[in-house]
Structures are given as structure tokens and as C-alpha cells.
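Below is one structure, written out as C-alpha cells; the observations come after it.
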Amino acid sequence: MLNLAVDIGNTLTKIAVFENDDLIEAKQYDQVEVSDVEAMLEKHSILKVIISSVKHNEEAWQTLLANNFKVLKFNGLVQAGINNHYKTPQTLGADRWAAVIGAHHLYPTQNNIIIGGGTCITYDFVDTGANYFGGSISPGLNMRYKAVNHFTAALPLLNADENFGANYGDDTASAIQSGIQNGIKYELQGFISEYVKQGAGYNIILHGGDSIFFDTLLKNSIFAPYIKIEPYLVLKGLNAAIQQHND
């Protein structure tokens, strides 16, 4: 049984084919064309399709899928074996919810701290009892760099530097890098420290475009042995969700 999982984010769209829990193929696109989807459908005998999207407009390739499959449109109301205690599940970001489902599906016997490094940084936690109570959202790495430049008259627009390791900056550029990158590092460590208090036996699961960068920030911390990088976590969560839906 082959499933097609689609994650439409703010900047990229990721499409993956799964056979049960096995990832067969995954691609990401800046812009998906109808021909891209047609090629994937010709290559694989897809039975089920699930789509998670942060956008409201539907493109032609999505219409193609809807015309050929009963598409499950994923959102925070979709049930997938997690006790969702979020007060407003209808507003819960689909990518966050899929990541929570994916984390528990992959590591059901451990507490999972889930950190997404995308446009925003997201922090979520699901315990061994499959309970999810909520999380946190903060500005992402690139958003912080852009904000410093946009909301000031004189500060330059810089890029993240994974080789920056100083505790402070000795000029304006390095001061910005210190504030942003050390700020994120201390933020990561602070949230993780609080979640660890929930109980022993935990994973720190990093996903999203900045996951490797965050791993670099945490590599010398006490949390390094517990880090797992799951670049396809959202897609795996979507696949886990659709496996539990037989309609």
C-alpha cells in the first residue's frame, strides 16, 4: 500500500511516497507543477493521499490529486492516536501537529521534545502516554536577521554563520550574530531544560530547514547525546495519520 504525503510550507512544498512506514521517495519544490505530480503518480501506484498546508489557496496540481483520490486534508482536528489537549485544535498548525504525531509514532516509549526550525521556531512536547498539551512559537533564525535590519535605520542585513562561536561580538556585525545565534542557543537550552523536568527517557527531535544549524548550536551542550535529526518528521507524521484512516 503506497501513500502520498504532501507538506505545503511557507517557502517549500515537500512530497513523499511511503510504503507502510518505509519512505520510498521524497522531493521538495519551490513551486510544484502539475507535471511533477503526474510523473510521481505514473511512477508509483498510490492508494491514499494526505495534504497538510499552511496556505489557503489551492493550486492546479492539488486539484489533480483531488480529482483522482479522496484526499485527506490534514489539520489539528485529525485524530491519530494522540490525546490532543490543545484548547483550540482548529488553530493548531498542521505542521506542528504532524510533527507531534510523527515523533510519537517513531519513538512511542519515550518523551519527545520536538523542535522545528523553519520560518518560526516551534517547540512541542508529547509524553509517553501520548499526551500533547501545547508548545511555543518564536521568530525563526532568518526572521530575526531580517527584523534587525528592517526595524532599524543603520543595522545591516546579515546571514547566519554556523562557524560563529564567540560569546560576544567585538564589532556591529558580530554583535548582531552573537545576539541572534547565542540568543537562539540559550532559548533552545532553556526550553529543553524545562521539558526535561517532565520525566526521564527523552529525545530531542530536530526537524525543518534549520535543524542542522540548531544541532551545531547544541553540539557541545549536555543535551547533545539525546538529539535526533528527522528531516522528514512532518511527512512521517502525515503518513502515520493516514494509515489510521480507512475511509
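Per this note's numbering: the sequence shown = residues 132 to 378. For each residue, glycine too, the CB sits at the ideal point set by N, CA and C. Predicted model only: the values in this text are computed from it and were never measured.
- Taking C-beta separations shorter than 7 Å and ignoring five residues to either side along the sequence, the partners of Ile358 in its chain run Ile335, Leu337, Asp346, Leu349, following chain order.
- In this chain, the beta strand (DSSP E) harbouring Thr253 covers 251-257.
- If you look at His376, you'll find it isn't in any alpha helix (DSSP H); DSSP assigns it neither H nor E.
- Beyond the five residues adjoining it in sequence on each side, Asp341 comes within less than 6 Å, by CB distance, of Gly248, Leu272 in the same chain, given in chain order.
- Shown here for Val257: same chain residues with a beta carbon closer than 8 Å to its own, the five before and five after excluded, namely Ile213, Val231, Ala234, His235, Asn242, Asn243, Ile245, Tyr263 in chain order.
- Rounded to whole angstroms, Glu325 and Glu361 show a C-alpha spacing of 22 Å.
- Comparing C-alpha distances from Ala372 to each of Leu289, Ala157, Ile181, Ser176 shows the shortest one belongs to Ile181.
- With respect to the C-alpha of Leu319, the residue from Ala211, Ile252, Ile307, Gly310 having the closest C-alpha is Ile252.
- Between Phe322 and Tyr254 the beta-carbon gap is near 5 Å, inside 8 Å, which marks them as a contact.
- In summary, Lys158 is exposed, with fewer than 16 beta-carbon neighbours lying within 10 Å of its beta-carbon over all protein chains present.
- Boundaries cannot be given for Glu189, as no beta strand (DSSP E) includes it and DSSP labels it neither H nor E.
- Taking a contact as a CB-CB distance under 8 Å, the pair Ala306 and Leu289 does not count as one, their CB atoms being some 10 Å apart.
- Apart from the 5 residues on each side of it in sequence, Val327 sits with its Cβ closer than 7 Å to the Cβ of Tyr333 in its chain, given in chain order.
- Spatial neighbours of Phe200 in its own chain (CB-CB distance under 6 Å, excluding positions within 5 residues in sequence) are listed in chain order as Val180.
- C-alpha of Gln312 to C-alpha of Ala278: approximately 14 Å in a straight line.
- In this structure, Gly207 lies near Trp228, with their beta-carbon atoms less than 9 Å apart.
- Judged by DSSP in its simplified three-state form, Lys179 adopts strand.
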